[in-house]
Amino acid sequence: MSTMRYRCMSKNRVVLIVLMSNIDYLSLDGRALTLFVTVMETGSVTAAAERLGITQSAVSHQLDRLRTIFKDPLFIRSGRGITPTRRAEQLEDEARALLLQLQQVVRPAQFDPHGAVLNYRIGANDFQRDIVLAPLYRTVSEQVGEFNLTILPAEKPRAEELRNGKVDLIISPMVPDHADLMMRRLYQDRSVCFYDPDQREAPSSAEDFDRARYISLTFLQGQAVTRQLETNRFDLDNRVNLRVANFSGLATFLKGTDLLAVAPSLLSQTALQGFACAPFPYVSESLTMYLIWHQKDHQNPEHSWLREQIVQQCSSLG
1 MSTMRYRCMS KNRVVLIVLM SNIDYLSLDG RALTLFVTVM ETGSVTAAAE RLGITQSAVS
61 HQLDRLRTIF KDPLFIRSGR GITPTRRAEQ LEDEARALLL QLQQVVRPAQ FDPHGAVLNY
121 RIGANDFQRD IVLAPLYRTV SEQVGEFNLT ILPAEKPRAE ELRNGKVDLI ISPMVPDHAD
181 LMMRRLYQDR SVCFYDPDQR EAPSSAEDFD RARYISLTFL QGQAVTRQLE TNRFDLDNRV
241 NLRVANFSGL ATFLKGTDLL AVAPSLLSQT ALQGFACAPF PYVSESLTMY LIWHQKDHQN
301 PEHSWLREQI VQQCSSLG
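Take 1 as the starting number for the sequence shown in full-length UniProt numbering and just add one per residue.
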């Protein structure tokens, strides 16, 4: 081993490498190291066996195995107890360090946001962007060193985009039915009827809704949002006169007209702020929004931390 490599190692690691240069180090395991440290602490085979919950013969067998590996007696009988050899004393600190490292290997990793650089791609429409991701960006940016966020348009979530890493997370009311996708509920909303109060009165009767003209959202693939609404005794989709491709477009065409827009009530905080709204009695089901990710990212500490930030951000929405 070169001098340069020695400089990159801790003092204890160098000692261990020197001591183990001529031994079968692959024969060591965590149980053997634990037994060795326990015998060092108790100074007795009997006491070590009691602490570990094994027989004295099992301790003696493991010590014989360690003596073979290290080519050293390790412990010498001294009266009623045992005394460690110089080699055993040299190995004790490093054995403890190795056990600690083994514990850290199997312990779930922790994420420290302070100073971290996060790069994420999240699929969301403009409504979810404004109501969830805009405040999220501000909150996360205050906690990490750098937050680089790319928001990609998402209509119907596609499992393949999460599998191949095109997106890291998707926010959507539609959950793909795939076993390798994980999801978590973010919030619930309801559909209401938005209108321009300067142009018309609030609809209240069945006749008002029946005679009204409507504006609605249509996905890029041509799928109308109104077809997804579970309406009761009301054919909303066939009453739509104007369709736009995003939620912000609703405000542009709703302003200055007598049109009605059946949309999530939380739009009153973003794109449809300033418009009036009235209950829409023909939609009974609530709208549930989900956070979706691939199972390959489920145990990732950084990914998990960001998911929790999104959940907390949505906790006040419903």
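Every residue, glycine too, gets a C-beta built ideally from N, C-alpha and C.
Note that the structure is predicted; figures quoted are calculated from it, not measured.
{"Query": "Residue from G318, L317, Q309 and S316 whose Cα sits closest to the Cα of V140", "Result": "Q309"}
{"Query": "Within 8 angstroms, strictly: CB atoms of L27 and I82", "Result": "The question names Leu, but residue 27 in the sequence shown is Ser. For S27 and I82, no; Cβs fall outside 8 angstroms."}
{"Query": "Top-ranked residue by Cα proximity to D177, from G274, Q128 and R158", "Result": "R158"}
{"Query": "Given L99 as reference, the closest of V244, M289, G30 and H303 once Cα atoms are compared", "Result": "G30"}
{"Query": "Whether A48 touches T38 by CB criterion (8 angstroms)", "Result": "yes"}
{"Query": "Close-in-space but distant-in-sequence residues of the same chain around T46 (CB under 7 angstroms, 5 per side omitted)", "Result": "Q56"}
{"Query": "Continuous alpha helix (DSSP H) assignments of at least 4 residues falling wholly in the segment 83 to 169", "Result": "86 to 106, 134 to 141 and 159 to 163"}
{"Query": "Residues near L136 in its chain [Cβ-Cβ closer than 7 angstroms; skip 5 each side]", "Result": "Q309, I310 and Q313"}
{"Query": "Alpha-carbon spacing of T42 relative to S304, whole angstroms", "Result": "42 angstroms"}
{"Query": "Classification of E146 by the beta-carbon crowding that lies within 10 angstroms, buried from 16 upward", "Result": "exposed"}
{"Query": "L181 - containing beta strand (DSSP E), residue span", "Result": "L181 to D189"}
{"Query": "Candidates R163, Q101 and S286: closest to D182 by CA position", "Result": "In the sequence as displayed, the identity of residue 182 is Met instead of Asp. It is R163."}
{"Query": "Euclidean distance between Cα positions of N148 and A276", "Result": "36 angstroms"}
{"Query": "Beta bridge counterpart(s) of V240 as assigned by DSSP", "Result": "Y214"}
{"Query": "Meets three-Cβ-pair contact criterion under 8 angstroms: the segment 263 to 272 and the segment 112 to 130", "Result": "yes"}
{"Query": "A276 (DSSP reduced to helix, strand or coil)", "Result": "strand"}
{"Query": "Presumed contact (8 angstroms Cβ cut-off) between F194 and L242, rounded CB distance", "Result": "Contact flag wrong, Cβ pair sits at about 13 angstroms."}
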